[in-house]
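Visitor:
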Ligand code: HEC
Ligand code: HEC
């Protein structure tokens, strides 16, 4: 079921529509070209509550965390400059993320092949992915210091347990730790002496063999020379392996038909992982097509899903995917309503004009 939501209160919305109508009258161009950056797009990045206002706290404006001034370092920059990115201005949107202050260019977020190019591609863009894709497994706590992005720290089975932690034994050669004080798993080597982390382990296993992934594939990781599927498997099939309370991936992704399995994806075996998502149309290990073995962990859908928080943070996860495209916006151009993600797509598709 799709819900109709608008930015702000009805009165604000009426004023919004009215002011756009006047704008059109005065310039005669903004509306005839379609979506206007200033009136339609920019507010989605600068308004609190624009993306959700239910299931907990209302969304913060993107600008609360991504309003880089183009000069300062990320550390201590105020207002916050996460990823040296400014989503509150047209120039900032085009410059992208992790911008080099010297060149003013960063990683494109609108799907351009390089910063400065105009071959925008909304469907493949980082921005669209960040607005739509929930971090997996659902419910990940968002930590602004990014400490939990690579998943829990790994220790060898026989490593001593540091003070203040309890070992969580899982099948295979590794164990993870629970921080007694926070009741959360140990991340980013907080307890010292970690051998690696869960994302690193899966990556090593995915990329570590030329022959493709099999039950019997053997790869080195974290000082262990013979990591096998059975050491990797618990991170797909066991609860509580990503954060305290996480569901097993295989709770939702255990077969290649949807329903019952979300994205027709089977994460319970190497064959399932090689089979990808959406009935084999979507590789998840970074390979060029399902069936190929040119695995590319850094660019894989699986790694992104394990690491990347959906933006804005704390987006409520709904299983039926109804909130993935953001709120529905009703305006004079779209009297029947359009999702925020599609609206931005229209603007990007028109060449991301500064209108
Ligand atoms: C509370 C602070 C906060 C808010 C609000 C926020 N972000 Fe983020 N954003 C972050 C952090 C921290 C990261 C990096 C860690 C991560 O991926 O979870 C990030 C990462 C990103 C990235 C990835 C950049 C890259 O280098 O690939 C994009 C794109 C992004 N945010 C877009 C948005 C958008 C769009 C909004 C608003 C709809 C938004 N963010 C709101 C904190 C925030
Ligand atoms: C409660 C059910 C649930 C659990 C548990 C779950 N997922 Fe998902 N997953 C979904 C849903 C629903 C989607 C699609 C909607 C979305 O992106 O938020 C999805 C999408 C994905 C996708 C994108 C597939 C594509 O089309 O490219 C990947 C990859 C994924 N999940 C991996 C995982 C991994 C890895 C885990 C465990 C660490 C996991 N999921 C746990 C429900 C779940």
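Residue numbers (our numbering): 50 to 404.
Every residue, glycine too, gets a C-beta built ideally from N, C-alpha and C.
Go ahead and pull the three-state DSSP assignment for residue 430.
Guide: There is simply no residue 430 to check, as the chain begins at 50 and stops at 404 in what is shown.
Visitor: What number of angstroms, rounded off, separates the C-alpha of residue 393 from the C-alpha of residue 133?
Guide: In a straight line, the C-alpha of residue 393 is about 21 angstroms away from that of residue 133.
Visitor: Taking 7 angstroms as the line, does the beta carbon of residue 311 fall inside it for any heavy atom of ligand 2?
Guide: Yes, the Cβ of residue 311 comes within 7 angstroms of a heavy atom of ligand 2.
Visitor: Going by C-alpha to C-alpha distance, which of 384, 321, 290 and 344 sits closest to residue 355?
Guide: Taking only the C-alpha atoms, the option nearest residue 355 is 290.
Visitor: So what's residue 75 in DSSP terms, helix, strand or just coil?
Guide: Because the pLDDT at residue 75 is just 35, under 50, the model does not fix this residue reliably, and the value given afterwards should be weighed accordingly. It is helical.
Visitor: Quick one: give me the first and last residue of the alpha helix (DSSP H) that residue 359 is part of.
Guide: Residue 359 -> no alpha helix (DSSP H), and no H or E assigned at all.
Visitor: Starting from residue 92, trace the beta strand (DSSP E) in both directions and tell me its first and last residue.
Guide: Unbroken run through residue 92 is the alpha helix (DSSP H), 91-95; no beta strand (DSSP E).
Visitor: Within 10 angstroms of the Cβ of residue 264, are there 16 or more other Cβ atoms? Answer buried if so, exposed if not.
Guide: With fewer than 16 other Cβ atoms within 10 Å, it is exposed.
Visitor: How many angstroms separate the CA atom of residue 283 from the CA atom of residue 365?
Guide: In a straight line, the C-alpha of residue 283 is about 26 angstroms away from that of residue 365.
Visitor: If you measure from the CB of residue 296, is any heavy atom of ligand 2 nearer than 7 angstroms?
Guide: At least one heavy atom of ligand 2 is nearer than 7 angstroms to the Cβ of residue 296, so yes.
Visitor: By the DSSP assignment, the beta strand (DSSP E) with residue 391 in it spans what residues?
Guide: No beta strand (DSSP E) contains residue 391, which is instead part of the alpha helix (DSSP H) from 389-398.
Visitor: In the DSSP assignment, find the alpha helix (DSSP H) that holds residue 323 and state where it starts and stops.
Guide: 319-324 is the extent of the alpha helix (DSSP H) around residue 323.
Visitor: Please specify which runs of the beta strand (DSSP E), each continuous and at least 3 residues long, are wholly inside the stretch 152-200, giving them in chain order.
Guide: Correct list: 154-156.
Visitor: Could you check what DSSP says for residue 218 in three-state terms: helix, strand or coil?
Guide: Of the three classes helix, strand and coil, the one that applies to residue 218 here is strand, per DSSP.
Visitor: Is residue 370 near ligand 2, in the sense that its beta carbon is under 7 angstroms from a heavy atom of that ligand?
Guide: At least one heavy atom of ligand 2 is nearer than 7 angstroms to the Cβ of residue 370, so yes.
Visitor: Three-state secondary structure (DSSP) at residue 403?
Guide: Coil, per DSSP.
Visitor: Can you say whether residue 145 is buried or exposed, counting buried as having 16 or more other CB atoms within 10 angstroms of its CB?
Guide: Result: buried.
Visitor: If you measure between the beta carbons of residue 346 and residue 252, is that distance less than 8 angstroms?
Guide: Result yes, Cβ atoms of residue 346 and residue 252 sit closer than 8 angstroms.
Visitor: What residues match up with residue 273 in a beta bridge as DSSP calls it?
Guide: Residue 273 is bridged to 270.
Visitor: Indicate whether the contact test is met: 3 or more Cβ pairs, each with one atom in the stretch 260-275 and one in the stretch 190-202, closer than 8 angstroms.
Guide: No, they do not touch.
Visitor: Can you grab the Cα-Cα spacing for the pair residue 208 / residue 226, in whole Å?
Guide: Looking at the two C-alpha atoms, the distance is approximately 11 angstroms.
Visitor: Is it the case that the stretch 108-117 contacts the stretch 152-164, given that we only count it when at least three CB pairs across the two stretches are under 8 angstroms?
Guide: No, they do not touch.
Visitor: Rounded to whole angstroms, what's the CA-CA distance from residue 295 to residue 114? Just pull it up for me.
Guide: Distance between the alpha carbons of residue 295 and residue 114 is about 27 angstroms.
Visitor: So, with DSSP's three-state summary, where would you put residue 105?
Guide: If DSSP states are grouped into helix, strand and coil, residue 105 belongs with coil.
Visitor: Can we say the stretch 140-154 touches the stretch 313-323, given the rule of at least three CB pairs closer than 8 angstroms?
Guide: The stretch 140-154, when compared against the stretch 313-323, does not touch it at the 8 angstroms Cβ threshold.
Visitor: Hey, residue 214 and residue 139: beta-carbon distance below 8 angstroms or not?
Guide: Not in contact: residue 214 and residue 139 (Cβ atoms no closer than 8 angstroms).
Visitor: At a cut-off of 7 angstroms, is residue 362 close to ligand 1 when judged by its beta-carbon and the heavy atoms of the ligand?
Guide: Under cutoff, so the answer is yes.
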